[in-house]
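Residue numbers (the numbering used here), protein chains in the order written: chain A, 4 to 386; chain B, 6 to 183; chain C, 23 to 410. Glycine is no exception: its CB is placed at the ideal position from the N, C-alpha and C atoms. Structure record follows, encoded as structure tokens.
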Amino acid sequence: MSIWPEEHVATAHHGEGFDTVDMTINVGPQHPATHGVFRMVLTVDGEMVVDCEPYIGYLHRGLEKLSEANDYRQAMGYWDRTDYLAGLVCEQAYCMAVEKMGNIEVPERAEYIRVIMSELSRINSHFMFLGAFGADVGSFGTSFIYAWRERERIYDLLEEVAGDRMFPTYVRPGGVAMDLPENFEARCRWVLSSVYQGLEDLDGLLTGNEIFVERCSGLSPVSPETAIKWGLTGPMIRATGLPWDIRKAEPYSIYDRIKFEIPTGKQGDVLDRFIVRLAEMYQSAKIIEQCLDQIPGGLVLNPKLPRNLRIDNGECYVRVEGTKGEYGVYGLARGGNKAYRMKLRSPSFCNLSALREMVVGNYVADAIIILGSLDIVLGEVDK
Amino acid sequence: MTNENPAPAEAAAPAFPGIAAAIHAALPGVPMTARETSTDVDIRVAPGDLPAVVEALKDREELAFDYLRNMVGLDMQEAGLEVKYHFYSFKHGHSLQVTVPTPPGNPHVPSLTPYYPAANWHEREAAEMVGLVFDGHPNLKNLLLEEDLRIHPLLKAHPLQAIEIVQGIEEGKPGFEF
Amino acid sequence: MTGLPFLFGDPFFGISWLDAIIRILIVVGVMTLIVVYLTYGERKVVARFQQRLGPMKTGPYGLLQGFADAFKLITKEDIRPRNADRWVFEFAPYATFIPVFLVLVTLPFAENWGVRNLTLGVFFVFSVLGLNIVGVMMAGLGSGNKYALLGGVRAAAQMISYEIPLVISLLAVAMVAGTLNLNEMARLQDGRPFVLVQPLAFVIFFTAMLSELHRAPFDIPVAESEIVGGYFVEYSGIRWSMFQLSEYASLWGFSVFGSVIFFGGWAWPYGDELGWGFQLFLTMLKSFIFILAVFWVRITLPRLRIDQLMNFCWKVLIEVSFLLLLVNGFFLYYEWPQEILAIVNWLGAAALLAAVFYRGRRGSRAAQLVGTYRQAAQAAQAAKVEAS
């Protein structure tokens, strides 16, 4: 079996002074810049990319098949490993799908806790983006370490609350697994103040930097119509200027009680995506602070849930504002304690499908930056 | 359209709830049924009618469904394969689910790639996972599985097993050539 | 001159070639030690800038890290890819290393002490620099790897382009100094280093030097996060370490060179009076400060893309350096006062730096978006602090 795609026969250019042949470069699954096991085959003419074919599926772990073979609570362990940088957002989405199918109520305190955890995960994931994107652009190492300091603090906080840093299976159908510790509010406010400081550091390092701006400004601009056509969501579509955020457009949980803004860009280029993500982190911090002010007391888990959760009939498509875009869970239940079909609509999958459109016509070095600005996480893409 | 709906329709519910009424009004000639799921309105159309329905969804002003957000391929066992689409309209803010059942043994559905480029990868994935065939798709190759694999893992008949014995890996011989 | 008599003045044993060999051995020995510690030093400096510690385990404070690395690399398997062009591949590391050695021949480390005191010192350095490109191209083409080819081609284009501003800025300084002899240049800076008289030449030299050394922000040929090493990606073990060695050695060589030409080398501030020990110390101190500046720039700045890099060279640096040469020529021919020349140069340097910064500001209208959010967040926090 040949590893080269058959369509990419090298095209020879004649008559422009001398004969040249397009070169195929394999930005292979093992590469420091591809944020995971992802492969794309670039056909380049000199330094200009003429064609790009992405190959995914290296991290395909059979999420949907396993969700059909495990009951609703067991399958949770697979779902938070999809977007592994922000596991709690995935958990919330999956639990909302199970609750919608089974008509399960969630106590209010649990909703607030879920939102706080989701927003902390969002800040975490965006810090990862800031660090990795800085590395892609070339300030190798410095942006990583600045971002990691804050991520470690958030992970410590998550460990105190949920018991685990990345995949806590803390959110359960019907609420959350356990209540917050007593000193949570003080700890959380301390973490937020440190997050503000980290954002200032990274902002000063990257945003005002002339070289960074030169590299990113004007690169692969996307119009709102193109974004809608290709199914781009999240910071990708907000960077084009369309203020669409599922937390505001189709509010779920308690987001309708919280005031926050939607940062938008102007032309959807790489710099705008970076700025939008940076600004979103401030908004997430604002949301967490409001939640900490408003959180009520009470139970954190629906007490009427049976030990063996059975759902006879249910169908739903729950969408949540994931860190990369619209994280959708489609669920179909037809009796029993296992789902009949669960499908993940992952934002990175849909954002990545537009890669070819965005990369063709730019330089090889820019292809890497554009891929970094998509902010994909391969667990989501490959399910 | 002889399949049973998974959820029982309530006796007092209208025949075309919500946005489905507008769609039925826009396409009187197309036979469709509608119901409500927990989150959306769901209409059911035959594969042959799908292009007409999608064109109406996209082009008509009061519908204006410009965003295909999701696509699911399902295996309904004896009832055949099904495809579900989820649409959203940025202009009006309404969302819709479209179910397209295919008769068993004939899993052909017209491709939506000419209308919505976002459908490209979703259709490839549905095709390889349950075995649907999308007519008119420009590049229906395997996406998540290996290029030469011809199994459909998400079929209910395909068992969940520890190792998929398809790679032909023998002792001392790798399964592929460098 | 006091001190060890056989190291200065007449050739050792009266045999000039033996004396040359001994001097070379001394310089190369010092250079090897310095390069080994530069690998350690860079990691420590970079780590400190990034809020971490760097090597700490091998030896006290990690001081033996360089030797540990060298030992490990020597014991690695020497892999040669099948597609590689055998002799080109094998000779490329040496071809990169030889020009560095040659540059070290002319550098004065203390008064009148170098391997050889060439009258055409600066000119010799220019001519030898070009050989670096040959080594890089050999590595890129001979590796049989597309990434290496990309890296080699980018590197060749970049090095050839940036040699021009490098050479012209040095020529401008040589015009003011009136000599090409490096020792004489250092001696002439007894009272006042040339950087005060020719700051624009220094800025151009520093930028071009970063580019010749493939250092950030001009390190696209060795872009680690894209083409994973560029032209030396196929090398392993001792061959790879030769590339690294030549990079650090040329970094050190350039630093000594730059400090001799612009900062007075061994002569300023009190070099003439305090003996060869102090002069040696001055040379080392200045070169290490230079190296620290290079590390600092590397850690902070992202990298330029190849076409931006070339644009910057051909559309900005070359014009400015030619202008500098012309202005210097006018001033020296018409014997206008040197102070006015210095002022004109300072204005030129300020203008160049301002233009570079201004171009960055122009594109960052988005940064204002973040600024407003940050201000709003801080205002909200301040309000909360006041309220509580």
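>> Going residue by residue through the stretch 92–147 of chain C, where are the continuous beta strand (DSSP E) segments of at least 3 residues, counting only ones entirely within it?
In response: Those beta strand (DSSP E) runs which fall completely within the stretch 92–147 of chain C and span 3+ residues do not exist here.
>> Please confirm whether residue 369 of chain A has its beta-carbon closer than 9 angstroms to some beta-carbon of chain C.
In response: Start at 1 with the first residue of the first sequence, and residue 369 of chain A comes out as number 366. Contact with chain C is found for residue 369 of chain A, since one of that chain's Cβ atoms lies less than 9 angstroms from the residue's Cβ.
> Does the Cβ of residue 317 of chain C have 16 or more other Cβ atoms within 10 Å, making it buried, or fewer, making it exposed?
Replying inline: The residue you call residue 317 of chain C lines up with position 295 of the third sequence. Buried.
> So, helix, strand or coil for residue 54 of chain A, using DSSP?
Replying inline: Indexing the first sequence from 1 puts residue 54 of chain A at position 51. Reduced to three states, the DSSP call for residue 54 of chain A is strand.
>> What are the residues in the stretch 297–330 of chain C lying within 8 angstroms of chain A by C-beta distance?
In response: Identification of residues in the stretch 297–330 of chain C having a C-beta nearer than 8 angstroms to some C-beta of chain A yields 321, 322, 323, 324, 325, 326, 327, 328, 329 and 330, given in sequence order.
> With C-beta atoms as the reference, is residue 114 of chain C less than 9 angstroms away from residue 78 of chain C?
Replying inline: In the third sequence, the residue the question calls residue 114 of chain C occupies position 92. In the third sequence, the residue the question calls residue 78 of chain C occupies position 56. Cβ atoms of residue 114 of chain C and residue 78 of chain C: not closer than 9 angstroms.
> Should residue 290 of chain C be labelled buried (16 or more other beta-carbon atoms within 10 Å of its own) or exposed?
Replying inline: As a first step, residue 290 of chain C must be located in the third sequence, where it is residue number 268. With 16 or more other Cβ atoms from the protein chains shown falling within 10 Å of its own Cβ, residue 290 of chain C counts as buried.
> Which chain A residues are close to residue 64 of chain B, counting only those with a beta carbon under 7 angstroms from its beta carbon?
Replying inline: By one-based count along the second sequence, residue 64 of chain B stands at place 59. Near residue 64 of chain B there are no residues of chain A at all, since even the closest Cβ is about 14 angstroms away, more than 7 angstroms.
> Could you give the distance in angstroms between the alpha-carbon of residue 129 of chain B and the alpha-carbon of residue 232 of chain C?
Replying inline: The residue labelled residue 129 of chain B in the question sits at position 124 within the second sequence. The residue labelled residue 232 of chain C in the question sits at position 210 within the third sequence. Approximately 48 angstroms between the Cα atoms of the pair.
>> Taking the beta carbon of residue 94 of chain C as the centre, do at least 16 other beta carbons fall within 10 Å, making it buried, or is it exposed?
In response: Position 72 of the third sequence, counting from 1, holds the residue named residue 94 of chain C. Exposed, by the Cβ-count rule.
>> Counting only Cβ-Cβ distances shorter than 7 angstroms, please list the residues of the stretch 67–87 of chain C near chain A, keeping chain order.
In response: For the stretch 67–87 of chain C, which is checked against every Cβ of chain A, the residues closer than 7 angstroms are 68, 71, 72, 73 and 74.
> Under the three-state reduction of DSSP, which class applies to residue 56 of chain B: helix, strand or coil?
Replying inline: Working through the second sequence from its first residue, we reach residue 56 of chain B at position 51. DSSP places residue 56 of chain B in the helix class (H, G or I) of the three-state scheme.
>> Are the CB atoms of residue 325 of chain C and residue 141 of chain A within a distance shorter than 9 angstroms?
In response: The residue given as residue 141 of chain A occupies position 138 in the first sequence. The residue given as residue 325 of chain C occupies position 303 in the third sequence. Yes. Within cutoff.
> Given that residue 123 of chain B touches chain A, what residues does it touch there, using C-beta distances under 9 angstroms?
Replying inline: Within the second sequence, residue 123 of chain B is the residue found at index 118, counting from 1. Going along chain A in sequence order, the residues near residue 123 of chain B (Cβ under 9 angstroms) are 231, 232, 233, 234, 235, 353, 356 and 357.
> What does residue 155 of chain C reach in chain A if we use C-beta pairs closer than 9 angstroms?
Replying inline: If you number the third sequence from 1, residue 155 of chain C lands on position 133. Residues of chain A passing the Cβ test: none, with the nearest at roughly 19 angstroms.
> Which first and last residues belong to the alpha helix (DSSP H) in which residue 101 of chain A is found?
Replying inline: Start at 1 with the first residue of the first sequence, and residue 101 of chain A comes out as number 98. Residues 90–105.
> Just the Cα atoms here: how many angstroms apart are residue 335 of chain A and residue 319 of chain A?
Replying inline: Walking along the first sequence from the start, residue 335 of chain A turns up at place 332. Walking along the first sequence from the start, residue 319 of chain A turns up at place 316. Taking the straight line from one Cα to the other gives about 7 angstroms.
> So, is residue 1 of chain A buried or exposed, given that buried needs 16 or more other C-beta atoms within 10 angstroms?
Replying inline: No answer is possible for residue 1 of chain A: the residues shown for chain A start at 4 and end at 386.
>> Counting C-beta neighbours from all protein chains within 10 Å, is the total for residue 109 of chain C 16 or more, i.e. buried, or is it exposed?
In response: Here residue 109 of chain C refers to the residue found at position 87 when the third sequence is read from its first residue. That one is exposed.
> How about residue 342 of chain C: is its C-beta nearer than 9 angstroms to some C-beta of chain A?
Replying inline: Start at 1 with the first residue of the third sequence, and residue 342 of chain C comes out as number 320. With a threshold of 9 angstroms between beta carbons, residue 342 of chain C makes no contact with chain A.
> What residues of chain A sit near residue 239 of chain C, judged by a beta carbon separation below 8 angstroms?
Replying inline: Here residue 239 of chain C is taken as the residue at index 217 of the third sequence, counted from 1. Within chain A, the residues 141 and 214 have their CB atoms less than 8 angstroms from the CB of residue 239 of chain C, given in chain order.
>> Buried or exposed for residue 389 of chain C, going by 16 or more other Cβ atoms inside 10 Å?
In response: Sequence index remark: in the third sequence, residue 389 of chain C carries index 367 (1-based). Below a pLDDT of 50, predicted positions are generally treated as unreliable, and residue 389 of chain C, at 47, falls in that range; no measurement from the model is reported.
>> Under 8 angstroms: do the stretch 198–214 of chain A and the stretch 142–151 of chain A share three or more Cβ pairs, one atom per stretch?
In response: The stretch 198–214 of chain A, when compared against the stretch 142–151 of chain A, does touch it at the 8 angstroms Cβ threshold.
> Taking 9 angstroms as the CB-CB limit, is residue 74 of chain B close to chain A?
Replying inline: As a working mapping, residue 74 of chain B is identified with position 69 in the second sequence. With a threshold of 9 angstroms between beta carbons, residue 74 of chain B makes contact with chain A.
> Taking the Cβ atom as the reference point for each residue, do residue 205 of chain A and residue 133 of chain A lie within a distance shorter than 9 angstroms?
Replying inline: Working through the first sequence from its first residue, we reach residue 205 of chain A at position 202. Working through the first sequence from its first residue, we reach residue 133 of chain A at position 130. Yes, these two residues count as a Cβ contact at 9 angstroms.
> Using the rule of at least 16 other Cβ atoms within 10 Å of the residue's Cβ for burial, across every protein chain shown, is residue 234 of chain C buried or exposed?
Replying inline: Along the third sequence, read from residue 1 onward, the residue named residue 234 of chain C stands at position 212. Taking a 10 Å sphere around the C-beta of residue 234 of chain C, we find 16 or more other C-beta atoms and assign the residue as buried.
> Would DSSP call residue 220 of chain C helix, strand or coil?
Replying inline: For this step, residue 220 of chain C is matched to residue 198 along the third sequence. Residue state for residue 220 of chain C is assigned as coil, using DSSP reduced to three classes.
> From A:193, A:181, A:156 and A:274, pick the residue whose C-alpha is nearest to that of residue 213 of chain A; which is it?
Replying inline: Working through the first sequence from its first residue, we reach residue 213 of chain A at position 210. Measuring from the Cα of residue 213 of chain A, the nearest candidate turns out to be A:274.
> Is residue 149 of chain C buried or exposed, if buried means 16 or more other CB atoms sit within 10 Å of its CB?
Replying inline: In the third sequence, counting from the first residue as 1, residue 149 of chain C sits at position 127. Counting Cβ neighbours within 10 Å, residue 149 of chain C comes out exposed, since fewer than 16 surround it.
>> In this structure, how does DSSP classify residue 346 of chain A when only helix, strand and coil are distinguished?
In response: Along the first sequence, one-based indexing puts residue 346 of chain A at 343. DSSP places residue 346 of chain A in strand when its eight states are reduced to three.
> So residue 1 of chain B and residue 135 of chain B are in contact, right, with Cβ under 8 angstroms, and what is the actual spacing, rounded?
Replying inline: No answer is possible for residue 1 of chain B: the residues shown for chain B start at 6 and end at 183.
> What is the DSSP secondary structure of residue 356 of chain A, reduced to helix, strand or coil?
Replying inline: Here residue 356 of chain A is taken as the residue at index 353 of the first sequence, counted from 1. Note: residue 356 of chain A maps to helix in three-state DSSP.
> Among A:354, A:40, A:38 and A:45, which has the Cα closest to the Cα of residue 28 of chain A?
Replying inline: On the first sequence, position 25 is the one that residue 28 of chain A refers to. With distances taken between CA atoms, residue 28 of chain A lies nearest to A:45 out of A:354, A:40, A:38 and A:45.
> Taking the Cβ atom as the reference point for each residue, do residue 384 of chain A and residue 41 of chain A lie within a distance shorter than 9 angstroms?
Replying inline: Position 381 of the first sequence holds residue 384 of chain A. Position 38 of the first sequence holds residue 41 of chain A. Yes, the Cβ-Cβ distance between residue 384 of chain A and residue 41 of chain A is below 9 angstroms.
> Which class does residue 97 of chain B belong to by DSSP, given the choice of helix, strand or coil?
Replying inline: Taking the second sequence and counting its residues from 1, one reaches residue 97 of chain B at position 92. Coil.
> residue 210 of chain A and residue 126 of chain A: beta carbons closer than 9 angstroms?
Replying inline: Translated into positions along the first sequence, residue 210 of chain A becomes position 207. Translated into positions along the first sequence, residue 126 of chain A becomes position 123. Contact flag unset, no.
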